[in-house]
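Heads up: the structure comes next, in structure tokens.
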Amino acid sequence: MKTTPWLKALALSFSLLPASAAVNAQALQSHDKVAFGHSNGLHSKGHPASKELRDYTQQNVMPVVRQQRQKLDAQLSAADKTQLAGYRAQLKAVREKSHAFRQSLRPEGTAKGQPGQRPELTEAQQQQQQQFRSEQHAVMLNVAQLAQKYSTNIQQLAAEVQPQREKWAADMKAIVLKNATPEQQQKMQQHQNKAGKAGFGGKHHGGHGSMHKYFAPTRFLLMDPNAPAKAEASGASGGRAALYPNPASATQRLEYEVKKEGTVKVELLNEKGITLRTLQDGKLDKGAQSLDVNLSDLPRGTYYYKITGKGLNETRRFVKE
1 MKTTPWLKAL ALSFSLLPAS AAVNAQALQS HDKVAFGHSN GLHSKGHPAS KELRDYTQQN
61 VMPVVRQQRQ KLDAQLSAAD KTQLAGYRAQ LKAVREKSHA FRQSLRPEGT AKGQPGQRPE
121 LTEAQQQQQQ QFRSEQHAVM LNVAQLAQKY STNIQQLAAE VQPQREKWAA DMKAIVLKNA
181 TPEQQQKMQQ HQNKAGKAGF GGKHHGGHGS MHKYFAPTRF LLMDPNAPAK AEASGASGGR
241 AALYPNPASA TQRLEYEVKK EGTVKVELLN EKGITLRTLQ DGKLDKGAQS LDVNLSDLPR
301 GTYYYKITGK GLNETRRFVK E
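Per UniProt numbering, the very first residue in the sequence shown carries number 1; after that it's consecutive.
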């Protein structure tokens, strides 16, 4: 059964819990059709829950995961870093070839994302498709082997943010429940209870329950901590907030644009995503805004600005030297 993006996000909310509290994602996925149905279900890409979960992940989960991955980078040997960069390049090349192949199969005149009849592949095309899968699988096996070398390090980094992971799981579950109908909520609870009775809520063999998704060794190692973070603004167009200097010392200027007049909140977060102080919380006019932030009392490390308002939802990372 194909797992929908929304259901993957739901499974993630449970997988973020420590192993003693995690609900087996497979148990949830196996009941996708029963629990949520296929008409007017929550798993629609256009459903508010999907967007809210994506936004929550970008704003709260990814900054912390990225920071933990940066810590791991300092623990990797130079040879392993070089090897890992090679694996990333190989995977990128395979993805690009696979994408070009899929595009060539698209019926003429069909726009991207437009539904259409899937063409029947020739034997040669099927072999080509399988070749891409085999190439990717071979690279991922190499990454997995390298990840085993650092599995203890990754487990320790995941344990460091266990309180945050518990909060993420609770928050994401609340988002799901908030957007579910009473009937869907009831069925979700029923299947969660069944999963617990079946032993899915206890300790997982091999300790993988809490390592699922972002802290799974292979996925975590493959993440490039030095790559530019994806734009995390949701519902807003235009440029992202600017901050300088970065790295900063005693002071830093934050510049951002208010898209719609209304209440705007700007928070300063530590590397774990915990709010240290609120820099702005009040009504602002539409247009360019700026803040001069005193950082002299902060120790060296990584921090974030979180900006929220009407049509404005953004997180920016900076380093204090």
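Where a beta carbon is used, it is the ideal one built from N, C-alpha and C, also for glycine. Source: prediction; values computed, not measured.
Quick test of your reading: Asp55 and Asn313, contact by CB under 8 Å. State the CB separation rounded to the nearest angstrom.
6 Å
Looking at the strands, I want to know which residues DSSP matches up with Glu257.
Ala288
Own chain partners of Ile175 with C-beta closer than 7 Å, once the 5 adjacent residues on each side are dropped
Ala49, Glu52, Leu53, Tyr56
What's the gap between the Cα of residue 346 and the Cα of Val143?
No answer is possible for residue 346: the residues shown for the chain start at 1 and end at 321.
Beta-carbon gap between Gln148 and Pro217 smaller than 8 Å
Yes, Cβ-Cβ distance for Gln148 and Pro217 is below 8 Å.
Look at Pro241 and Tyr305 and say whether their C-beta atoms are less than 8 Å apart.
Reading off the sequence, residue 241 comes out as Ala, not Pro. Yes; because the gap between Cβ atoms is below 8 Å, this pair is in contact.
Can you give me the C-alpha to C-alpha distance between Asp285 and Arg317, rounded to a whole angstrom?
For Asp285 and Arg317, the distance between alpha carbons rounds to 25 Å.
Name the one or two DSSP bridge partners that Gly282 has.
Val264
Just how far apart, CA to CA, sit Leu221 and Ala158?
12 Å
Sorry if obvious, but does the Cβ on Gln131 come closer than 7 Å to a heavy atom of the ligand NAD?
With respect to the ligand NAD, the structure offers nothing, as it holds no ligand at all.
How far does the alpha helix (DSSP H) with Val143 in it extend, from its first residue to its last?
123 to 149
Spatial distance of Leu268 from Thr251 (CA atoms)
13 Å
Alpha carbon of Thr82 to alpha carbon of Gln155, nearest angstrom:
CA-CA distance, Thr82 to Gln155, rounds to 23 Å.
From Leu84, Tyr87, Gln128, Ala89, pick the residue whose C-alpha is nearest to that of Ser104; which is it?
Gln128
With 16 other CB atoms within 10 Å as the buried threshold, where does Leu254 fall?
It is buried - the Cβ of Leu254 has at least 16 other Cβ atoms within 10 Å.
I'd like to know whether the C-beta atoms of Phe132 and Lys97 end up nearer to each other than 8 Å.
yes
On the DSSP bridge list, what partners appear for Ala248?
Lys320
Where Gln59 falls, given that 16 or more other Cβ within 10 Å makes a residue buried
buried
Burial state of Glu321, where buried means 16 or more other Cβ atoms lie within 10 Å:
exposed
Whole angstroms is fine: what's the gap from residue 323's alpha carbon to Val61's?
The chain is shown only over 1 to 321; residue 323 falls outside these bounds and no answer can be derived.
State the CB to CB distance for the pair residue 383 and Val64, rounded to an integer number of angstroms; the pair is presumed to be in contact (CB under 8 Å).
Any property of residue 383 remains undetermined from this structure, which presents the chain solely from 1 to 321.
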